[in-house]
Amino acid sequence: MAAGSKPVGGSGKGRQLCPLKNINVPNTVVEIDDFGFSLTNATYIKCGKGLKRLGNLAFQGNKRAATIELNEGLQEIGFKALYSEQLISDFVIPASVTTIGDSALIMTPLRKLTNRSSVPQAIATSIIGMPVKLDWNPTPHELYDSCELCVPESALEAYKAAPVWRQFKKITGFAGVNNIDDENAEIVKIYSIEGYRRDRLMPGINICRYSNGKTRKVFSR
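According to this note's numbering, the residues represented by the sequence shown are 424 to 644, in order.
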């Protein structure tokens, strides 16, 4: 997929447009449309730094994918976006994600889910399990019992109390999330000290907003 590509969308188009084994989404792509890379033969998928939205069912049914990496700066994960990824057992939700659609990781056999956000995202009914029991699928509680949820240590109690997230039987905390955020964060907006928007860093003091939501003063020569 070449730099500057438009978002991919439409049911089944992922299979037609992307026969590659490795999918590296360019940094210029800001949105992957609904069904964008569904039902491909890819074994590895990595999102570029510019991606903001992952559409509904965008990566669903990639049964050969052993690794799917989402980028810091991503803000929205759509409904069933990662539905039925049969080889994914360990998955990371970036700290920048503020919106997660219902059943985003449904029928994906996770053993560990890391959510780097310091604020638990609101989810309607479920993230990894089916909202109702079906004969051919485990109950939500069976999936929540077998998958570890790993979150920022400072937000541990918040996740234990949050709807949906509190269903995980094992919730653990990790330190150093701020360092992770800072390491991956990129400048997304630049302002003058007076608050005027700039298209690049200018000599002197710049006010920079980063992809992890933080704002800093940056001095440029």
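We treat Cβ as the ideally placed atom computed from N, Cα and C, and that holds for glycine.
From a predicted model like this one, the values you see are computed outputs, not experimental measurements.
No Cβ-Cβ contact shorter than 7 angstroms links V515 with L497. The secondary-structure analysis by DSSP pairs F514 across a beta bridge with L536. Distance from I550 to L579 at the Cβ level is roughly 17 angstroms; contact not present, criterion being Cβ atoms closer than 8 angstroms.
Per DSSP, L462 lies in no beta strand (DSSP E) and is assigned neither H nor E. Taking 3 residues as the shortest admissible run, the region 465 to 532 contains the following complete beta strand (DSSP E) segments, listed from N- to C-terminal end: 467 to 469, 490 to 492 and 513 to 516. Between L624 and D457, the alpha-carbon positions lie close to 35 angstroms from each other.
DSSP places L572 in the uninterrupted beta strand (DSSP E) bounded by E571 to P575. Assignment of Y582 by DSSP, reduced to helix, strand and coil, places it in the helix class. DSSP, reduced to helix, strand and coil, places Y619 outside both helices and strands of the structure shown, so it counts as coil. About 5 angstroms separates the beta carbons of Y467 and N445, which is inside the 8 angstroms limit, making them a contact pair. A direct Cα-Cα distance of roughly 9 angstroms separates R644 from I628. Annotated three-state conformation of R639 is strand, per DSSP. For R632, the three-state secondary structure derived from DSSP is strand. Beta-bridge annotation (DSSP): K593 is paired with E571.
Contact annotation, V611 with R632: C-beta distance approximately 6 angstroms; criterion of less than 8 angstroms satisfied. Ranked by Cα distance from L443, the first of P517, T522 and A488 is A488. Here the alpha carbon of K503 sits roughly 24 angstroms from the alpha carbon of A584. Between the alpha carbons of G478 and S461 lies a gap of roughly 11 angstroms. The C-beta distance from K592 to Y567 rounds to 6 angstroms, short enough to meet the 8 angstroms contact threshold. Non-local beta-carbon contacts of P517 in its own chain, meaning distances under 7 angstroms to residues more than five positions away in sequence, involve L493, N494, E495, L497 and R539 in chain order. Taking C-alpha positions only, P586 is separated from S512 by approximately 23 angstroms. Nearest in C-alpha terms to Q483, of all of Q509, K472, L474 and G473, is Q509.
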